[in-house]
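Trainee:
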Amino acid sequence: RGIKSSFRYDCLCGSSENPSKLSNHYLFTKLFAHLIAGPKGIDELTRALKNFDYSDRCSLVWIGDYFAYRCRTCGLTPSMSLCGACFNAGNHENHDFNKFKSTCGGACDCGDPCVMKPSGNCRFHGPDKVANRPCPPRNLIAVLQFLLPSVMKALMYWFWDQCKAEEPSLNENEAPMLFFLHRLHACGWVTQQLMVNVMIDLEVFADLIAESERRLSIKELKHKTLLESFLYTIVKLRFPESLSTLLIGLLPINEFKKLFIDAYVDHYETIASTLMITSRVRNISPEVAMQLNNRIVHISVQLFSGVDHALRMVKEKRL
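Final position of the sequence shown in full-length UniProt numbering is 319; the numbers increase by one with none missing.
1) May I have a chain-ordered list of the beta strand (DSSP E) segments no shorter than 3 residues that lie completely inside the region 69-142?
2) Helix or strand or just coil, what does DSSP make of Y268?
3) Is Y157 helix, strand or coil by DSSP?
4) Suppose the cutoff is 6 Å on Cβ atoms and the five residues either side in sequence are ignored; what does the same chain contact list for I248 look like?
5) Using the three-state DSSP reduction, which class does Y26 fall into: helix, strand or coil?
6) Excluding sequence positions up to five away, which residues of its chain have a Cβ less than 7 Å from the Cβ of D109?
7) Leaving aside the five residues before and after E211 along the sequence, list all residues of the same chain whose C-beta is less than 7 Å from its C-beta, in chain order.
8) For W62, which residues does DSSP report across the bridge?
9) Reducing DSSP to helix, strand and coil, say where F7 ends up.
10) For S119, is the classification buried or exposed, using 16 other Cβ atoms within 10 angstroms of its Cβ as the cut-off for buried?
11) Any idea if S16 is buried or exposed, counting beta-carbon neighbours within 10 angstroms, 16 or more meaning buried?
12) On the criterion of 16 or more Cβ atoms from any shown chain inside 10 Å, does V204 qualify as buried, or is it exposed?
13) Given this structure, state the Cα-to-Cα distance separating A68 from A85, to the nearest angstrom.
14) Shortest alpha-carbon distance to D112 belongs to which of C104, T191, P240, C74?
15) Taking the straight line between their C-alpha atoms, what separation do you get for L246 and K4?
16) Identify, in the order they occur along the chain, each residue of the same chain with its Cβ nearer than 6 Å to the Cβ of T233, setting aside the five sequence neighbours on each side.
17) May I have the straight-line CA-CA distance separating G306 from L76, to the nearest angstrom?
18) So, for T29: in the same chain, excluding its five sequence neighbours on each side, which residues have a beta-carbon less than 7 Å away from its beta-carbon?
19) Comparing alpha-carbon positions, which option in N197, L237, C135, I209 lies nearest E166?
20) What are the boundary residues of the alpha helix (DSSP H) that T245 is part of?
21) Taking only three categories from DSSP, how would you classify E17?
22) Identify which residue in D96, M156, M276 has its Cα closest to the Cα of A206.
23) Kindly list the residues whose CB is nearer than 8 Å to the CB of H223, restricted to its own chain and excluding five residues on each side of it in sequence; keep chain order.
24) Compare the beta carbon distance of R72 and D96 with 8 Å and say whether it is the shorter of the two.
25) Distance, Cα to Cα, E241 vs R295?
26) Out of Q291, S102, L292, state which residue places its alpha-carbon closest to the alpha-carbon of Y66.
27) Which residue from S23, G105, K50, H34 puts its Cα closest to that of S244?
28) Starting from A48 and walking both ways along the alpha helix (DSSP H), at which residues does that stretch end?
29) Going by beta-carbon coordinates alone, are L208 and L259 separated by less than 8 Å?
30) Just to confirm, are G188 and S273 a CB contact at a threshold of 8 Å?
31) Could you tell me how far apart the beta carbons of V314 and T270 are, in whole angstroms, since I believe they sit closer than 8 Å?
32) Give the straight-line distance between the Cα atoms of F7 and R47, rounded to the nearest whole angstrom.
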């Protein structure tokens, strides 16, 4: 618990003794990596966790200029997309498919029953792959499970600190902890589920508010979870790619996707306002404005490509 207390909510930010935010960020990212991986290192931890990566859905997310596949024989929606690995590991012989260049970014739909037929799943994904999946040994994930809530609270507070600027933005080179979470995400289902558990935990967010309310004017926030606050931050920072893709990569976990869609619809008015203000007030190039539009599309298409969630929002939110 002494180590955990080092990961205070403000540990990624500068202090009077050490004003450099970036040096703090790097220091605690390296410390976190060392504590969860031990002397064998993060590569060995990744290999060990991959042995337990049995997922019903692919979690690969790509940004612009990625070559993906679309199989109209297997797809239930026209926006269905597959990554190269899942397409090649599936049986699409004599199917009506094409390879295309994704300009706005996307995510693999392999294993998603709302978007594609089960017959189109690759040999690594589908409901049959998770029926009897083994659980990782406790000693493999105990430290990660213990420290992750503190780390994600600290990252959220760091984002709030970035949002205080008059023109808030994210220099993605100054967020090493965010990129380390991407690396954990790439370890597969085990780490993805751990991150989701923290993001939707009401108590974790309540603790962050209690710890930090004296430092930031955040009382007006009506959020209840880190998920809701991360989404608010995405909008505030004009859809930084690294944070957006991390959240998109957690959508294969059904509980997370449902709550993310709810929060996204609740924030949609703010999203629309951000687009209008950006295009009319800020002196930005058409290319930057188009990039912002593409990043919003990148998220929206993952949420509403299937009929079920779209109909649920129409009924529950009276859209």
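Positions of the beta carbon are idealized from the N, C-alpha and C atoms, including for glycine.
Mentor: On the basis of the supplied data:
1) 97-102
2) Residue mapping note: residue 268 aligns to position 268 of the sequence shown, counting from 1. Y268 falls in the helix class under three-state DSSP.
3) As a working mapping, residue 157 is identified with position 157 in the sequence shown. If DSSP states are grouped into helix, strand and coil, Y157 belongs with the helices.
4) As a working note, residue 248 is residue 248 in the sequence shown. Same-chain partners within the cutoff: V61, A107, Q302.
5) As a working note, residue 26 is residue 26 in the sequence shown. The answer is helix: DSSP assigns Y26 an H, G or I state.
6) Counting from 1 along the sequence shown, the entry for residue 109 is found at position 109. Same-chain partners within the cutoff: M80, S81, L82, V115, M116.
7) Here residue 211 refers to the residue found at position 211 when the sequence shown is read from its first residue. So the qualifying residues of the chain are Y9.
8) Taking the first residue of the sequence shown as 1, we reach residue 62 at position 62. G106.
9) Counting from one through the sequence shown, the residue named residue 7 turns up at place 7. F7 carries a coil assignment under DSSP once its states are collapsed to helix, strand and coil.
10) The residue given as residue 119 occupies position 119 in the sequence shown. That one is exposed.
11) As a working note, residue 16 is residue 16 in the sequence shown. Below a pLDDT of 50, predicted positions are generally treated as unreliable, and S16, at 44, falls in that range; the measurement from the model is reported next regardless. Around the CB of S16, fewer than 16 other CB atoms lie within 10 Å, so the residue is classed as exposed.
12) As a working note, residue 204 is residue 204 in the sequence shown. It is buried - the Cβ of V204 has at least 16 other Cβ atoms within 10 Å.
13) Locating residue 68 in the sequence shown gives position 68, where the first residue counts as 1. Locating residue 85 in the sequence shown gives position 85, where the first residue counts as 1. When rounded, the distance between both Cα atoms is 10 Å.
14) Walking along the sequence shown from the start, residue 112 turns up at place 112. D112 has its Cα closest to that of C74, out of C104, T191, P240, C74.
15) Here residue 246 refers to the residue found at position 246 when the sequence shown is read from its first residue. Here residue 4 refers to the residue found at position 4 when the sequence shown is read from its first residue. About 24 Å.
16) Here residue 233 is taken as the residue at index 233 of the sequence shown, counted from 1. Hits under 6 Å: F159.
17) As a working mapping, residue 306 is identified with position 306 in the sequence shown. As a working mapping, residue 76 is identified with position 76 in the sequence shown. Taking the straight line from one Cα to the other gives about 8 Å.
18) Counted from its first residue, the sequence shown places residue 29 at position 29. Once the five neighbours on either side are set aside, the close Cβ partners of T29 are P176, M177, F180.
19) Sequence index remark: in the sequence shown, residue 166 carries index 166 (1-based). The option with the nearest alpha carbon to E166 is L237.
20) Position 245 of the sequence shown, counted from the start, is the residue given in the question as residue 245. That run of the alpha helix (DSSP H) goes 241-248.
21) Numbered from 1 along the sequence shown, position 17 holds the residue referred to as residue 17. In this prediction, E17 has a pLDDT of 48, which is less than 50 and means its spatial position is unreliable; nothing more can be read from the coordinates.
22) Taking the sequence shown and counting its residues from 1, one reaches residue 206 at position 206. Considering only alpha carbons, the answer is M156.
23) Within the sequence shown, the letter at position 223 stands for residue 223. The answer, listed in chain order, is F205, S229, Y232.
24) Mapped onto the sequence shown, residue 72 falls at position 72. Mapped onto the sequence shown, residue 96 falls at position 96. Pairing R72 with D96 gives a Cβ-Cβ distance under 8 Å.
25) Taking the sequence shown and counting its residues from 1, one reaches residue 241 at position 241. Taking the sequence shown and counting its residues from 1, one reaches residue 295 at position 295. For E241 and R295, the distance between alpha carbons rounds to 7 Å.
26) One-based indexing of the sequence shown puts residue 66 at position 66. The shortest Cα separation from Y66 among Q291, S102, L292 belongs to S102.
27) Along the sequence shown, one-based indexing puts residue 244 at 244. If we check each option's Cα against that of S244, G105 comes out closest.
28) Counting from 1 along the sequence shown, the entry for residue 48 is found at position 48. Residues 42-50.
29) In the sequence shown, residue 208 corresponds to position 208, counting from 1. In the sequence shown, residue 259 corresponds to position 259, counting from 1. Against a cut-off of 8 Å, the Cβ pair of L259 and L208 comes out as no contact.
30) Counting from one through the sequence shown, the residue named residue 188 turns up at place 188. Counting from one through the sequence shown, the residue named residue 273 turns up at place 273. Not closer than 8 Å, so no.
31) Taking the first residue of the sequence shown as position 1, residue 314 is located at position 314. Taking the first residue of the sequence shown as position 1, residue 270 is located at position 270. Between T270 and V314 the Cβ distance is about 20 Å, and since that is not below 8 Å, they are no contact.
32) As a position in the sequence shown, residue 7 is number 7, starting the count at 1. As a position in the sequence shown, residue 47 is number 47, starting the count at 1. About 26 Å.
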